[in-house]
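Trainee: Can you keep this structure in mind? I'll have questions shortly.
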Amino acid sequence: MAAALAIVMVGCGGNGAMVGGDGSRSISDATAQNGHIVTPDSTLPQGAGFMHTNHLVWASNFGPMATTSPTGKTPAQMRGAYSITANGSGAIAIVDAYNFSTALNDFNVFSTQFGLPTEPSTDATLSSNTVLQVVYASGSKPRNNAGWALEEALDIEWAHAMAPNAKIYLVEAASNSFANLVAAENVAKALVGVHQVSNSWSGGESSTIYTDNDSVFVQSGVAFYGSGGDTGGVTGWPALSSNVVAVGGTTLNTSGNTWVSETVWGGSGCGSSAYEPRPAFQDIVSSLVGSFRGADDISADADPNTGASVYDTAGYQGQKGWFQVGGTSLSCPVIAGIANAAGSTKSSQGQNTSFYAAYAGGSANFHDIKSGTAGSFSALTGWDFPTGVGSPNGTGGF
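My numbering puts the last residue of the sequence shown at 402; the count rises by one with no breaks.
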């Protein structure tokens with residue numbers, strides 16, 4: 005990996021964690037290949053009433069995280085591996101927190117690098133924009149946050165990578181509070197042309213969170229996608245809502261732009277809800293999930309060791325440029341983008357019903373992930389907690 009900027013570390017925490025200038029932590033990962041995995045502070049569990057991101061950053065042991073050229077997977081590799089040929093239409097909404105001050109520039113640099121459409125406007129917030137529009141959910145620009153900015157870069161760039169002809173809305177909540185993100189969700193689902201809403205953030209369950217908020221994820225013709233999380237075998241809300249498509253993570257191996265193999269990524273967040281009843285679309289896997297909602301429903305590449313190229317100059321940990329990023333914050337917009345490329349206008353329940361119906365028929369539209377573990381959950385032949393019905397093999401299963 006080429007070195008572009010010096011890595012900034014200003015102290016050590018327990019368990020070998022190094023704390024950066026913006027609170028990010030670099031945690032040694034024995035599975036990293038000639039490197040280590042950095043967990044941003046935004047991905048760490050937050051206090052009650054606040055949500056966290058689900059992305060992780062790969063960093064070389066011999067250089068900085070940010071580089072002057074891409075080091076992770078490219079859009080052509082990801083689209084090729086999952087046999088995606090359509091380019092999408094309409095719009096995808098990304099819901100995140102805080103302001104990503106360099107969103108338009110970074111989105112266009114990423115797009116130019118990989119031959120994708122760019123946004124010609126010089127104002128990211130104009131409703132007349134056709135490729136990227138930033139929407140302030142509260143009506144006012146939120147404050148900046150470096151960890152969430154890298155999340156936003158990942159989300160908008162990789163939804164765009166999978167569905168380059170779809171308009172991308174970046175809906176920025178005023179903060180990462182539960183209340184502000186739910187408010188942003190209501191803004192996102194009402195935007196013109198939106199059929200997919202991607203949510204790469206999560207928090208803990210409670211006895212009332214479903215009864216009070218499941219209806220937020222109901223909108224005719226709109227499917228809501230939620231990342232399963234990056235703590236293997238542990239997941240949360242909103243992924244466990246019956247009105248959300250829960251997205252797990254894999255380790256994707258490719259040869260050029262061709263799928264070779266896929267295993268469970270060890271960090272894939274998954275498991276059963278303690279409160280949400282099993283939805284009808286999971287009756288076919290009732291022997292596995294029991295009486296409560298199980299996650300995940302579907303999966304895609306999430307391993308930061310084999311992660312995706314992301315361009316961000318907002319200044320994460322004092323660095324700017326290309327990052328290699330993973331986590332279910334990658335798999336979530338990838339799946340939302342593939343759903344758009346498939347032309348899906350289904351609700352979340354409708355989309356999940358299609359996935360499980362295809363699974364019941366032994367569909368070749370998914371790669372069945374048969375090896376690997378995440379926490380206490382192992383891959384199985386057929387549906388399993390870490391990867392759901394598997395990863396996409398074309399758009400037929402959507």
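Just so it is clear, CB atoms sit at the ideal spot from N, CA and C, and this is done for glycine as well. These numbers come from a predicted model, not from an experiment.
(1) Starting from the Cα of R297, find the closest Cα among S303, A306, A304 and Q286 and give me that residue.
(2) Put Q50 into one of helix, strand or coil per three-state DSSP.
(3) Classify G151: buried if its beta carbon has 16 or more other beta carbons within 10 angstroms, exposed otherwise.
(4) I need the straight-line Cα distance from P121 to P74, nearest angstrom please.
(5) If you compare alpha carbons, which of L108, L185 and T78 is closest to W162?
(6) List the residues that DSSP assigns as beta-bridge partners of H371.
(7) Nearest to T215 by alpha carbon, out of V226, I342 and P281?
(8) Could you tell me which residues DSSP pairs with A250 in its beta bridges?
(9) Take every Cβ of the region 351 to 367, pair it with every Cβ of the region 324 to 336, and state whether three or more of those distances are shorter than 8 Å.
(10) Does the contact criterion of 3 or more C-beta pairs under 8 Å hold for the region 200 to 213 versus the region 310 to 321?
(11) Should N247 be labelled buried (16 or more other beta-carbon atoms within 10 Å of its own) or exposed?
(12) Could you give the first and the last residue of the continuous beta strand (DSSP E) run that contains Y173?
(13) Please give me, in chain order, every unbroken run of the beta strand (DSSP E) with length at least 3 that falls completely inside the region 178 to 204.
(14) Just verifying my parser: in three-state terms, what is the DSSP assignment at T134?
(15) Which residues in the same chain as S395 place their Cβ atom closer than 8 Å to its Cβ, once the five residues preceding and following it in sequence are excluded?
(16) What are the complete alpha helix (DSSP H) segments, minimum 4 residues, inside the region 66 to 101?
(17) Does DSSP classify F402 as helix, strand or coil?
(18) Against chain B, with Cβ distances strictly below 8 Å, would I339 count as a contact?
(19) Please tell me whether D316 and A153 are closer than 8 Å, where the distance is taken between their beta carbons.
(20) If I measure Cβ to Cβ from A178 and keep anything under 7 Å in the same chain, skipping five residues before and after, which residues do I get?
(21) Tell me which same chain residues have a C-beta within less than 6 Å of the C-beta of W269, skipping the five on either side of it?
(22) Taking only the alpha-carbon atoms, compute the straight-line gap between R83 and S380 and give it to the nearest angstrom.
(23) So, for S375: in the same chain, excluding its five sequence neighbours on each side, which residues have a beta-carbon less than 6 Å away from its beta-carbon?
(24) Could you give the C-beta distance for V251 and G232, rounded to a whole number, given that I count them as a contact under 8 Å?
(25) Tell me whether N65 is buried or exposed, calling it buried when 16 or more other Cβ atoms sit within 10 Å of its Cβ.
(26) Can you tell me the Cα-Cα spacing of C274 and T239, whole angstroms?
(27) Is it buried or exposed, A97, if we count other Cβ atoms within 10 angstroms and call 16 or more buried?
(28) So is A80 buried or exposed if we call it buried at 16+ other beta carbons inside 10 Å?
(29) Compute the distance between the beta-carbons of F182 and M55, then report whether it is under 8 Å.
(30) Between G386, D100, V175 and A63, which has its C-alpha nearest I288's C-alpha?
(31) How far does the beta strand (DSSP E) with T267 in it extend, from its first residue to its last?
(32) For N91, I'd like the list of residues in its chain whose CB is within less than 6 Å of its CB, leaving aside the five on either flank, ordered along the chain.
(33) Please classify P49 as buried or exposed, where buried requires at least 16 neighbouring CB atoms within 10 angstroms.
(34) Let me know if A128 comes out buried or exposed under the rule of 16 or more other beta-carbons within 10 Å of its beta-carbon.
Mentor: Taking the definition as stated:
(1) The candidate whose alpha carbon is nearest that of R297 is Q286.
(2) coil
(3) buried
(4) 18 Å
(5) T78
(6) S395
(7) P281
(8) G230
(9) Between the region 351 to 367 and the region 324 to 336, the count of C-beta pairs closer than 8 Å stays below three; the two stretches do not touch.
(10) no
(11) buried
(12) K171 to A177
(13) 198 to 203
(14) coil
(15) Y86, T254, L256, E266, I302, S303, A304, D305, F370, H371 and I373
(16) 79 to 85
(17) Coil.
(18) As a matter of chain content, chain B is missing from the structure shown, which is built from one protein chain.
(19) yes
(20) A141, S142, P146 and N184
(21) Excluding residues within five positions, the ones whose Cβ falls inside 6 Å are G253, T254, T255, A306 and D307.
(22) 31 Å
(23) Same-chain partners within the cutoff: T267 and A383.
(24) At roughly 6 Å, the Cβ-Cβ gap stays under 8 Å, so V251 and G232 are in contact.
(25) Result: exposed.
(26) The alpha-carbon atoms of C274 and T239 are separated by roughly 5 Å.
(27) buried
(28) exposed
(29) F182 is a Cβ neighbour of M55, given a cutoff of 8 Å.
(30) G386
(31) T262 to V268
(32) Around N91, the same chain offers P168 and N169 as residues with beta carbons nearer than 6 Å, after the five sequence neighbours per side are excluded.
(33) exposed
(34) buried
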